[in-house]
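Chains as they are written, first to last, in my numbering: chain R, 149 to 489; chain E, 149 to 489; chain B, 149 to 489.
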């Protein structure tokens with residue numbers, strides 16, 4: 149595809165002596181002749197000099213570069229759109245596969261793609277353009293919004309509700325029973341019926357093998373635009389705010405509410421019954437059992453203010469030396485005391 | 149349902165001026181007119197004054213409250229039983245679905261519910277009232293006890309054994325191969341055949357996408373009444389004691405034995421070949437590579453006594469200040485030494 | 149089986165007064181009369197005196213023992229091979245099950261075992277002796293090498309490639325979409341099409357419910373002989389080197405490259421865009437956001453040199469006492485200053 153055609157389609161301004169043919173999109177280190185690459189993170193600006201790419205997508209305000217460039221205010225978005233010009237994943241097969249089991253009373257909107265061995269329980273509703281890949285299972289009474297994409301081996305449990313354009317990667321479980329048990333006098337537990345629903349609002353994406361539990365009462369809610377990576381655990385009755393981003397293996401215990409635009413690094417954990425303010429950040433492998441103020445950046449286990457933590461962990465590595473210094477001080481003070489008497 | 153009827157059915161004593169109609173069970177903050185709520189945790193007693201619920205389940209020994217109450221020695225259990233009066237999950241379809249594949253030599257007890265595309269391997273035995281939701285897979289030679297409930301996309305591997313009333317949430321894997329490899333001289337590994345079984349005793353519940361490995365020799369055992377949350381990893385040959393409770397994303401390496409009533413917080417980890425005593429507690433995101441005494445409460449990574457850890461992490465956050473104090477002391481001591489000469 | 153026959157088949161030298169009949173292979177603590185056991189870890193040599201086993205596999209250079217022994221330079225390997233003499237897992241059913249859905253244009257090598265409800269997408273290639281257990285799903289365009297074993301509920305996504313003898317335990321997801329989103333001005337995110345592939349080279353084993361993401365551009369690669377335990381997360385564009393071993397619940401963010409023979413303990417984490425050298429070790433529940441030198445052993449979160457960390461965590465547990473010692477020093481120094489004036 150001509151670079152000028154790409155520029156037009158992804159709304160970029162072309163800066164080039166001559167138009168060239170682009171064959172592929174590639175990362176800046178892997179790119180070679182015929183490739184279009186990009187820099188969105190300013191840390192990688194230095195690599196522009198050494199890339200073998202034939203052209204590059206760049207921010208408007210970056211200096212001139214020796215190769216043809218496509219200029220835009222959002223290079224990462226332009227890269228994403230350029231990718232779509234060169235690649236589309238295999239389209240799911242239109243229609244309802246002959247082996248799919250659709251229960252009675254199911255309503256299905258126009259243009260479904262329902263794959264082999266998909267199961268849709270009684271009284272479910274599927275919007276228009278819904279894709280259920282092979283082996284997707286929807287329990288009775290669930291509602292799947294327009295344009296949702298449900299990958300193979302996903303389970304959507306009874307009465308759960310998905311908004312529009314929700315994407316669920318393989319193996320994720322939406323609406324498994326919350327971990328609720330009433331202790332009995334003999335030390336054993338009585339299972340508490342989990343009557344709540346899981347609600348995934350519009351434009352949510354759920355990663356592979358992630359699990360989101362239903363609650364005994366009330367709903368577990370993932371709000372509009374939130375993105376959850378793989379192997380994330382969301383406990384019963386928790387809420388994840390709009391446009392929040394949870395990296396892989398993050399865990400939320402029950403009844404914790406994350407605000408908007410909260411970001412959690414990989415393997416981070418939240419105890420139950422917390423309030424986490426808008427725009428808060430918890431870094432990877434950190435954990436908090438306290439509420440988090442809006443905009444706070446916290447780290448550690450238990451998590452504290454990130455800037456304090458950074459200094460504390462630096463000191464931590466020097467603890468053996470600190471112990472020696474204290475011991476030396478004690479000796480010197482003892483000597484001083486003796487010599488003073 | 150009349151409050152008096154609920155009281156009778158869940159074995160509570162009603163304290164009310166007049167009988168009222170209850171429409172729903174709800175949490176204390178969400179409850180409104182027509183709702184029955186509960187307080188089992190004394191931390192929430194203060195909220196009784198502000199709840200809009202029409203009635204409340206309470207401990208016998210709590211003071212009088214301004215709304216009708218149902219009194220019992222175990223309010224959390226009473227709440228659980230009240231929930232069942234108002235909600236039942238959709239019943240699985242009785243019988244064996246026409247698409248299920250049941251191999252030769254399988255014995256199935258009375259009243260099965262075997263869903264679409266379920267697969268039961270050769271020589272398996274299923275007790276009475278067993279529920280296999282659609283897409284449950286049982287490998288050859290497994291035994292599933294009476295009244296077990298196996299959700300969609302669960303796998304029970306060859307020769308594993310489930311007692312009675314075991315519940316397995318979606319996507320859990322029972323009996324995957326243990327992580328056992330013999331190192332060869334050239335740095336590669338030889339896979340060790342995993343011949344052991346996984347045994348889940350009566351009344352065990354396993355969370356969504358949890359994995360429990362079989363061992364090379366000997367059994368991996370989850371004992372009576374133990375509850376495992378989602379995304380938990382149980383390594384080959386480990387044992388979890390009766391009524392133990394493991395929160396989400398907990399990991400046990402191989403050959404570790406947890407006693408009875410052990411409790412592990414989310415994301416906690418146990419190294420291999422450990423003995424953990426009855427009633428021990430490891431708090432969230434902690435990890436131990438040492439045996440744990442019965443009744444111990446441990447925290448941190450590596451975990452130490454919880455009360456020591458609480459003081460140590462408080463000091464940790466003040467490490468930068470401690471470093472300054474040591475530096476000050478060193479200066480002062482140096483001055484004292486100089487002035488003393 | 150006669151001990152002498154076992155010795156011949158697993159290439160050991162028999163040291164025994166008389167040949168005996170062996171009925172079972174067992175661990176050293178569980179073994180009883182008729183059992184053959186083994187010691188490969190020198191920590192367990194002391195238990196040879198107390199084992200009730202009838203015979204034992206041992207290193208050539210260990211001293212004489214009171215029971216018959218099989219001597220070899222690699223006792224753990226000999227144990228693995230002995231196990232295979234006594235146990236074979238149930239063989240998968242040969243052929244292609246009548247319910248399997250094989251799309252057009254699929255090439256299948258000789259001697260397949262394709263189980264019930266397996267789905268193979270368009271234009272896939274399967275080598276010889278490939279085993280797809282029931283409910284395995286292969287998206288279009290994937291390539292599965294000779295002698296691969298794919299367990300139930302595994303998904304291999306579009307265009308992914310598996311070498312020879314790859315084993316994938318149940319529920320693992322190979323090639324789910326990487327967690328890539330371009331931030332928009334309004335705070336929401338634009339999903340980036342993930343065009344890369346996941347490549348699993350020869351002799352790789354992937355644990356149950358592990359997830360390996362595809363990248364926006366370029367491949368995610370697990371190199372020859374690497375072993376990944378259960379519930380591991382491999383982010384988009386990362387690479388795991390030859391013969392590397394990742395324990396359960398380990399997480400790699402995106403674009404991180406592990407060298408050869410890297411070992412990661414359970415629940416360890418690697419941030420994105422890192423280089424980890426050959427033979428590096430990160431211990432359980434540790435995490436690094438820095439490159440790791442070849443052969444380094446690191447611990448902690450954030451991880452530092454293991455020997456430094458060991459001393460630092462010892463000091464950490466004594467922090468409350470250190471604080472008291474500093475306070476005492478301050479008082480004494482204050483007194484000395486006063487008395488000096």
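C-beta: ideal position from N, C-alpha, C; glycine also. From a predicted model like this one, the values you see are computed outputs, not experimental measurements.
Next item on the list: With a threshold of 16 other CB atoms inside 10 Å of the CB of residue 214/E, please say whether the residue is buried or exposed.
Entry: As a working note, residue 214/E is residue 66 in the second chain. It counts as exposed.
Notebook entry, point to check: With 7 Å set as the bound, which would you pick, yes or no: does the beta-carbon of residue 421/B sit closer than that to a beta-carbon of chain R?
Noted result: Your numbering for residue 421/B matches position 273 in the third chain. No, residue 421/B does not count as interfacial toward chain R.
Note to self: Can you pull the chain B neighbours of residue 485/R, defined as C-beta to C-beta under 8 Å?
What the structure shows: The sequence position of residue 485/R within the first chain is 337, counting from 1. 480 and 484, listed in chain order.
Notebook entry, point to check: Start and end of the alpha helix (DSSP H) containing residue 453/E?
Noted result: Your numbering for residue 453/E matches position 305 in the second chain. Per DSSP, residue 453/E belongs to no alpha helix (DSSP H); it is in the beta strand (DSSP E), 451-453.
Check: What first and last residue would you give for the alpha helix (DSSP H) that runs through residue 223/B?
Finding: For the purposes of this step, residue 223/B is identified with residue 75 of the third chain, where counting begins at 1. Run containing residue 223/B: 223-234, per the alpha helix (DSSP H) assignment.
Notebook entry, point to check: Do residue 255/B and residue 241/B have their C-beta atoms closer together than 7 Å?
Noted result: As a working mapping, residue 255/B is identified with position 107 in the third chain. As a working mapping, residue 241/B is identified with position 93 in the third chain. In this structure, residue 241/B does not lie closer than 7 Å to residue 255/B by Cβ.
Next item on the list: Give me the Cβ distance between residue 343/R and residue 321/R, rounded to the nearest whole Å; I'm assuming they're in contact under 8 Å.
Entry: Locating residue 343/R in the first chain gives position 195, counting from the first residue. Locating residue 321/R in the first chain gives position 173, counting from the first residue. Residue 343/R to residue 321/R, Cβ: 18 Å. No contact.
Notebook entry, point to check: So, do the segment 368-387 of chain R and the segment 187-199 of chain E have three or more beta carbon pairs nearer to each other than 8 Å?
Noted result: no
Note to self: Looking at the secondary structure, which residues open and close the beta strand (DSSP E) in which residue 362/B lies?
What the structure shows: Working through the third chain from its first residue, we reach residue 362/B at position 214. It spans 359-362 - the beta strand (DSSP E) in which residue 362/B sits, taken as one unbroken run.
Check: Is the Cβ-Cβ distance between residue 347/R and residue 316/R less than 7 Å?
Finding: For the purposes of this step, residue 347/R is taken as residue 199 along the first chain, with counting starting at 1. For the purposes of this step, residue 316/R is taken as residue 168 along the first chain, with counting starting at 1. No.
Notebook entry, point to check: So, does the CB of residue 432/R fall closer than 7 Å to a CB anywhere in chain E?
Noted result: In the first chain, counting from the first residue as 1, residue 432/R sits at position 284. Not closer than 7 Å to any Cβ of chain E, the Cβ of residue 432/R fails to qualify, so no.
Item checked: Residues near residue 182/R in its chain [Cβ-Cβ closer than 6 Å; skip 5 each side] -> For the purposes of this step, residue 182/R is taken as residue 34 along the first chain, with counting starting at 1. The residues are 171 and 202.
Check: Taking the alpha-carbon positions, what's the residue 233/R to residue 174/R distance?
Finding: For the purposes of this step, residue 233/R is identified with residue 85 of the first chain, where counting begins at 1. For the purposes of this step, residue 174/R is identified with residue 26 of the first chain, where counting begins at 1. Going from the Cα of residue 233/R to the Cα of residue 174/R covers about 13 Å.
Item checked: Residue span of the alpha helix (DSSP H) that contains residue 325/R, given as start and end -> Here residue 325/R refers to the residue found at position 177 when the first chain is read from its first residue. Element bounds for residue 325/R: not the alpha helix (DSSP H) but the beta strand (DSSP E), 321-325.
Check: Should residue 334/B be labelled buried (16 or more other beta-carbon atoms within 10 Å of its own) or exposed?
Finding: Here residue 334/B is taken as the residue at index 186 of the third chain, counted from 1. Label assigned to residue 334/B: exposed.
Item checked: Neighbourhood of residue 349/R by C-beta distance below 6 Å, restricted to the same chain and skipping five residues each side -> Indexing the first chain from 1 puts residue 349/R at position 201. Around residue 349/R: 311, 371 and 372.
Next item on the list: Pull up the distance between the alpha-carbon of residue 164/R and that of residue 220/R, whole angstroms please.
Entry: Translated into the one-based positions of the first chain, residue 164/R becomes position 16. Translated into the one-based positions of the first chain, residue 220/R becomes position 72. Going from the Cα of residue 164/R to the Cα of residue 220/R covers about 14 Å.
Next item on the list: Specify the secondary structure class of residue 339/E as computed by DSSP and reduced to three states.
Entry: For the purposes of this step, residue 339/E is identified with residue 191 of the second chain, where counting begins at 1. Strand.
Notebook entry, point to check: Hey, how far is the Cα of residue 479/R from the Cα of residue 442/E?
Noted result: Within the first chain, numbered from 1, the residue matching residue 479/R stands at position 331. Within the second chain, numbered from 1, the residue matching residue 442/E stands at position 294. For residue 479/R and residue 442/E, the distance between alpha carbons rounds to 40 Å.
Notebook entry, point to check: Can a CB atom of chain E be found closer than 7 Å to the CB of residue 369/B?
Noted result: Taking the third chain and counting its residues from 1, the one referred to as residue 369/B is at position 221. Not one chain E Cβ lies under 7 Å of residue 369/B.
Note to self: Only counting the same chain, and skipping five residues up and downstream in sequence, which positions put a Cβ closer than 6 Å to that of residue 400/R?
What the structure shows: Here the question's residue 400/R lines up with position 252 in the first chain. Once the five neighbours on either side are set aside, the close Cβ partners of residue 400/R are 382, 383, 386 and 418.
Note to self: For a cutoff of 7 Å on Cβ pairs, would you count residue 157/B as touching chain E?
What the structure shows: As a working note, residue 157/B is residue 9 in the third chain. No, residue 157/B lies away from the interface with chain E (no Cβ there is under 7 Å from its Cβ).
Item checked: Run of the beta strand (DSSP E) containing residue 176/B, from where it starts to where it stops -> Residue 176/B sits at position 28 when you count from the first residue of the third chain. Careful: residue 176/B lies outside any beta strand (DSSP E) and carries neither H nor E.
Check: Helix or strand or just coil, what does DSSP make of residue 456/E?
Finding: Reading the second chain from its first residue, position 308 is the one you call residue 456/E. Correct three-state label for residue 456/E: helix.
Next item on the list: Quick one: using the 10 Å Cβ neighbour count with 16 as the cut-off for buried, is residue 486/R buried or exposed?
Entry: The sequence position of residue 486/R within the first chain is 338, counting from 1. Result: exposed.
Item checked: Against chain E: residues of the segment 236-254 of chain B by CB proximity under 7 Å -> 237, 238 and 247
Check: For residue 300/B, does the three-state DSSP call read helix, strand or coil?
Finding: The residue labelled residue 300/B in the question sits at position 152 within the third chain. Reduced to three states, the DSSP call for residue 300/B is coil.
Next item on the list: Go through its chain and collect everything with a Cβ distance to residue 279/R's Cβ below 6 Å, but skip five positions before and after it.
Entry: Position 131 of the first chain, counting from 1, holds the residue named residue 279/R. Once the five neighbours on either side are set aside, the close Cβ partners of residue 279/R are 240, 261 and 297.
Check: Hey, residue 307/R and residue 283/R: beta-carbon distance below 7 Å or not?
Finding: Here residue 307/R corresponds to residue number 159 of the first chain, with the count starting at 1. Here residue 283/R corresponds to residue number 135 of the first chain, with the count starting at 1. Going by C-beta atoms, residue 307/R is not nearer than 7 Å to residue 283/R.
Notebook entry, point to check: Taking DSSP as the reference, what is the three-state secondary structure of residue 464/R?
Noted result: As a working mapping, residue 464/R is identified with position 316 in the first chain. Residue 464/R: helix per DSSP, three-state reduction.
Checklist line | Selection of the segment 381-400 of chain B by Cβ proximity to chain E, strictly under 9 Å | finding: 390, 391, 393, 395, 396 and 397
Next item on the list: Flag this pair as yes or no: are the beta carbons of residue 398/E and residue 410/E separated by less than 7 Å?
Entry: In the second chain, the residue the question calls residue 398/E occupies position 250. In the second chain, the residue the question calls residue 410/E occupies position 262. For residue 398/E and residue 410/E, no; Cβs fall outside 7 Å.
Notebook entry, point to check: Residues of chain R with a CB under 8 Å from the CB of residue 319/B: which are they?
Noted result: Taking the third chain and counting its residues from 1, the one referred to as residue 319/B is at position 171. Here the neighbours are 301, 319 and 357.
Check: Within 10 angstroms of its Cβ, does residue 180/E collect 16 or more other Cβ (buried), or is it exposed?
Finding: Position 32 of the second chain, counting from 1, holds the residue named residue 180/E. Counting Cβ neighbours within 10 Å, residue 180/E comes out exposed, since fewer than 16 surround it.
Next item on the list: With 7 Å as the threshold, decide whether the Cβ of residue 175/B is near any Cβ in chain E.
Entry: Looking up residue 175/B in the third chain gives position 27. It does: the Cβ of residue 175/B has a partner Cβ on chain E nearer than 7 Å.
Item checked: As assigned by DSSP and simplified to three states, the class of residue 412/E -> Residue numbering aside, residue 412/E sits at position 264 when the second chain is read from its first letter. Three-state DSSP puts residue 412/E in a strand.
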